[in-house]
Amino acid sequence: MRLSLLMSALAGAMCFTATAAEWPGHRYIEGSFLSFEDKFDGDRNDYSGYGLKGSFKINQHLFIAGEYSRVEDTVRFSDGYDEYRIRNQAIGLGVITPFAPNTTLDLAGYIGNYQLKDTIVDGNFIERFEDKYDYLKIEGTVRSMITPQVELYGRLGYEYLDESGIVDKSQFTQAVGLHYFFSPNISVLAEFSRGDFLGGTFTQGKLGARFSF
């Protein structure tokens, strides 16, 4: 009886390992809803928007990835509005390193930029401000298929801002999230991240869907 139970458990574990290993975690396109908040010297700003992300696996150990996001906040007043918009885009190359059953460490380097736009409309008066901040980013992500349907991940990131007007050019980020797979190709995701942002701090929530191929 015990031998039969042991054999059944081993068979289940082998089946889970094979299924998780075949999950296409580095070939996907993704869309998400974003809730973004930043803080500068005690002032808080809330934004909402969307994000797009994609990855393509070159071979067993290499992948390329790109990301784009846009969030904005509009404050309306009697004769106009103030619209503030933050756009982020980046492209990078990563290395896949399996180091435990159903678990990988992804290390990736990116080049990207933030674009900040502020548009003030007050009656017939229109004023626009725009800034751009280039950066280099390194990310390390630990991903693990804890069941054939659920992937958990944690991510640490470092950004170096190529901008002389900012005193502290180093930015650090942290994120945790999960994917729930309805099939090998369709999943939903939830993520929470926080860190430094252009001399202040940020927190961000993400809900989205992914198509893997």
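Going letter by letter, the sequence shown gives residues -20 to -1, 1 to 193 in mature numbering (1 follows the signal peptide of the UniProt record, and there is no 0).
The beta-carbon is built from N, C-alpha and C at its ideal position, and this holds for glycine as well.
On a predicted model such as this, the values are computed, not experimentally measured, just so you know.
Which residues DSSP lists as bridging residue i, in chain order
i, result
"asparagine 93", "Gln69 and Asp114"
"glycine 43", "Correcting the residue identity first, residue 43 is phenylalanine in this sequence and not glycine. In DSSP, phenylalanine 43 forms a bridge with Lys37 and Gly74."
"glycine 157", "Tyr133 and Glu171"
"glycine 60", "Phe57 and Asp102"
"phenylalanine 20", "Asp23"
"serine 163", "DSSP, once it has assigned bridges, lists no residue as partnering serine 163."
"threonine 127", "None, per the DSSP bridge assignment."
"phenylalanine 79", "Its beta-bridge partners do not exist; DSSP assigns none."
Residue range of the beta strand (DSSP E) that includes residue i
i, result
"leucine 32", "23 to 37"
"lysine 149", "Looking at the DSSP string, lysine 149 is not in any beta strand (DSSP E), and its letter there is neither H nor E."
"arginine 190", "180 to 192"
Under 7 Å between C-beta atoms of residue i and residue j
i, j, result
"arginine 94", "lysine 117", "One point to set straight first is that residue 94 is tyrosine, not arginine, in the sequence displayed. In this structure, lysine 117 does not lie closer than 7 Å to tyrosine 94 by Cβ."
"glycine 92", "isoleucine 146", "no"
"aspartate 59", "aspartate 98", "no"
"valine 51", "tyrosine 27", "yes"
"glycine 74", "aspartate 86", "yes"
"glycine 31", "glycine 46", "no"
"threonine 84", "isoleucine 71", "no"
"leucine 169", "glycine 185", "no"
"glutamate 10", "arginine 190", "yes"
Backbone secondary structure at residue i - three-state DSSP
i, result
"isoleucine 9", "strand"
"phenylalanine 109", "strand"
"serine 144", "coil"
"serine 15", "strand"
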